[in-house]
Structure formats: structure tokens, C-alpha cells
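Visitor: If you read the protein sequences in the order shown, they are chains C and H.
FYI, this note's numbering numbers position 21 of the first sequence as 21, with every residue one higher than the one before it.
Offset between the second sequence (1-based) and this note's numbering: plus 117.
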Amino acid sequence: GAGVSQSPSNKVTEKGKDVELRCDPISGHTALYWYRQRLGQGLEFLIYFQGNSAPDKSGLPSDRFSAERTGESVSTLTIQRTQQEDSAVYLCASSLEGSSGVTYEQYFGPGTRLTVT
Amino acid sequence: GGDVEQSLFLSVREGDSSVINCTYTDSSSTYLYWYKQEPGAGLQLLTYIFSNMDMKQDQRLTVLLNKKDKHLSLRIADTQTGDSAIYFCAESIGRPAGGSYIPTFGRGTSLIVHP
């Protein structure tokens with residue numbers, strides 16, 4: 001596709017259940033980012049993937065959160081034993097990245113709105 | 118990264134200029150960005166400025182950077198109702214070689230344009 005896609009667009013789940021969110025980056029983009037956007041808040045960095053390097057997980061809020069990415073393709077963000085405070089929009093972005101570490105423009109997906117009841 | 122602060126709301130009349138302000142704390146910021154988020158959509162990069170510049174103009178958009186005061190502004194000339202959206206300021210800092218310039222975002226300013 002032409003842009004970053006995310007699925008599902010909306011997810012309502014019961015507290016304690018596990019959820020899996022999916023991100024399809026733009027083809028050829030080596031860098032992929034996950035952010036969380038709570039209502040009325042800025043973007044909170046969660047995790048970053050760059051090629052085959054070890055991901056930067058420094059933003060993950062707890063061990064209930066994990067993410068995977070196979071090569072330079074799809075990524076999944078998994079939240080185990082969801083809590084009400086996990087309710088937010090989860091945004092994915094991808095970008096090209098040069099070997100010098102310079103980041104190019106991030107292209108964002110439309111997000112997944114997660115509601116934990 | 119450091120902190121990025123923005124006012125939460127701005128209301129203007131159609132045809133007027135809008136000025137959205139942002140302050141940041143980290144003096145080593147390398148890039149400063151403005152993103153636009155329309156309802157139900159992801160963020161779209163509007164423009165960015167390198168820290169060694171003090172102004173950048175792109176059609177109706179003018180970005181001003183006061184590095185001494187760590188203040189960034191976005192001016193939208195002849196504001197239209199289609200400009201109504203949330204505008205995010207972000208900054209990124211150089212990281213060790215092989216790392217990434219992961220931006221730090223502000224909370225966003227909701228711009229409301231009245232006809």
C-alpha cells in the first residue's frame with residue numbers, strides 16, 4: 001500500500017485479556033516505531049526497530065508490553081493482561097534510515113484505538 | 118530527550134494568522150518538527166527545521182526558532198477551516214552512531230478555526 005496501515009482500527013477488550021495490534025510499514029522502510037497517545041496527551045515512545053539491530057525497548061511501560069518485527073516487514077504490539085490505563089490510541093510510524101543514523105521523515109499510520117473496559 | 122511544552126488550545130477566525138508556540142528544554146536538540154493530526158488520522162509531518170536555522174518558510178507556513186530561548190513557533194497565514202487540527206511540536210536529539218533520532222513530542226495544540 002501507499003502508506004502505513006494499522007489493524008484493527010478500533011479494539012474494545014475486557015480488563016485482563018491480551019490484545020495484539022498490527023502495523024504494516026511502508027515497503028522499504030527500515031525503521032519502525034510504536035507510540036502511545038493517551039487522551040489529551042502527547043505521543044509516548046514505546047519501542048523502535050531498525051533493520052536487524054536489537055530493538056530499543058526503553059519506552060515500554062511494563063513487562064506486559066512486548067513487540068516483534070520480522071525483518072523489515074510487519075510488526076505486532078502485544079499487551080498482556082490489559083488494564084484500564086492501557087486505553088489509548090496506539091500509533092505506528094515507519095521511516096527510511098541512513099547508515100549514519102540520521103532519521104528521515106516518519107510516516108504515521110492512522111492508529112488503533114484501544115478501549116479496556 | 119527533554120520536555121516539550123505547548124499551549125493546548127488556539128482559536129482563530131478564518132483568514133487571520135495563527136501562531137502556535139512551543140518550548141523545549143534540551144539544548145542539544147538537532148531537529149525540531151511540526152506535525153498535524155486531523156481527527157481519526159495519524160500524524161503528518163508539516164515541516165521541520167534544523168537547529169542551526171532560525172527561520173523556514175514554506176507557502177503559508179513560517180517556522181521561527183529562537184535557540185537561545187528554546188522557543189519554536191509555527192505561523193499559518195490566511196488560516197482556513199481546513200487547518201483545524203491538532204498541531205504537535207517535536208524535537209529530536211543526536212544519539213550515538215547507529216542510533217536513531219527518536220523525537221520527543223509535545224501534548225499538541227488544538228487549532229479551532231471559526232468561519
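The C-beta atom is built at its ideal place from N, Cα and C for all residues, glycine as well.
Take Gly111 (chain C) as the anchor and find which of C:Glu97, C:Ala93 and C:Leu60 has the nearest alpha-carbon.
Guide: Nearest of C:Glu97, C:Ala93 and C:Leu60 to Gly111 (chain C), Cα basis: C:Ala93.
Visitor: Does the stretch 162 to 178 of chain H come into contact with the stretch 139 to 149 of chain H, if we say contact requires no fewer than three beta-carbon pairs (one atom in each stretch) closer than 8 Å?
Guide: As far as the Cβ criterion goes, the stretch 162 to 178 of chain H touches the stretch 139 to 149 of chain H, which means the pair count is three or higher.
Visitor: Kindly indicate the opening and closing residues of the beta strand (DSSP E) around Leu160 (chain H).
Guide: Start and end: Leu160 to Phe167.
Visitor: Looking at the C-beta of Leu127 (chain H), does it have a partner C-beta in chain C at a distance below 8 Å?
Guide: No, Leu127 (chain H) does not count as interfacial toward chain C.
Visitor: In angstroms with no decimal places, state the Cα-to-Cα distance between Ile219 (chain H) and Tyr48 (chain C).
Guide: Distance between the alpha carbons of Ile219 (chain H) and Tyr48 (chain C): 8 Å.
Visitor: Count the other CB atoms, across all protein chains shown, that sit within 10 Å of the CB of Thr221 (chain H); report buried if there are 16 or more and exposed otherwise.
Guide: Buried is the call here.
Visitor: In this structure, how does DSSP classify Asp175 (chain H) when only helix, strand and coil are distinguished?
Guide: It is a strand residue.
Visitor: Taking beta-carbon pairs under 9 Å, can you tell me which members of the stretch 155 to 169 of chain H lie near chain C?
Guide: Listed in sequence order: Gly157, Ala158, Gly159, Leu160, Gln161, Leu162 and Tyr165.
Visitor: Who are the Cβ neighbours of Gly71 (chain C) in its own chain at under 8 Å, not counting the five residues just before and after it?
Guide: Correct list, in chain order: Asn52.
Visitor: Helix or strand or just coil, what does DSSP make of Glu122 (chain H)?
Guide: The answer is strand: DSSP assigns Glu122 (chain H) an E or B state.
Visitor: Output needed for Arg22 (chain C): all residues of its chain with C-beta closer than 6 Å, excluding positions within five of it in sequence on either side, in chain order.
Guide: Counting only Cβ-Cβ distances below 6 Å, and skipping sequence neighbours, we find Ser7 and Thr76.
Visitor: Of all the CB atoms in chain H, is at least one closer than 8 Å to the CB of Tyr48 (chain C)?
Guide: Yes - at least one Cβ of chain H is within 8 Å of the one on Tyr48 (chain C).
Visitor: Interface residues of chain H around Glu105 (chain C) at Cβ under 7 Å?
Guide: Chain H residues near Glu105 (chain C): Leu162.
Visitor: Pop quiz: Ala67 (chain C) and Thr78 (chain C) are said to be a contact at Cβ under 8 Å. What is the actual Cβ separation, rounded to whole angstroms?
Guide: That belief holds up - the Cβ atoms of Ala67 (chain C) and Thr78 (chain C) are roughly 7 Å apart, short of 8 Å.
Visitor: Taking a contact to mean a Cβ-Cβ separation below 8 Å, would you say Thr115 (chain C) touches Lys17 (chain C) in this structure?
Guide: For Thr115 (chain C) and Lys17 (chain C), no; Cβs fall outside 8 Å.
Visitor: Taking the beta strand (DSSP E) that Arg224 (chain H) belongs to, which residues open and close that run?
Guide: Looking at the DSSP string, Arg224 (chain H) is not in any beta strand (DSSP E), and its letter there is neither H nor E.
Visitor: May I ask you to report which of helix, strand or coil DSSP gives Thr198 (chain H)?
Guide: Three-state result, Thr198 (chain H): helix.
Visitor: Step through the CB atoms of chain C and report whether any lies within less than 8 Å of the CB of Thr137 (chain H).
Guide: The question names Thr, but residue 137 (chain H) in the sequence shown is Ile. Taking Cβ atoms only, chain C never reaches closer than 8 Å to Ile137 (chain H), which makes this a no.
Visitor: Is Leu114 (chain C) close to chain H? Criterion is C-beta to C-beta, closer than 8 Å.
Guide: No, its Cβ sits nowhere closer than 8 Å to a Cβ of chain H.
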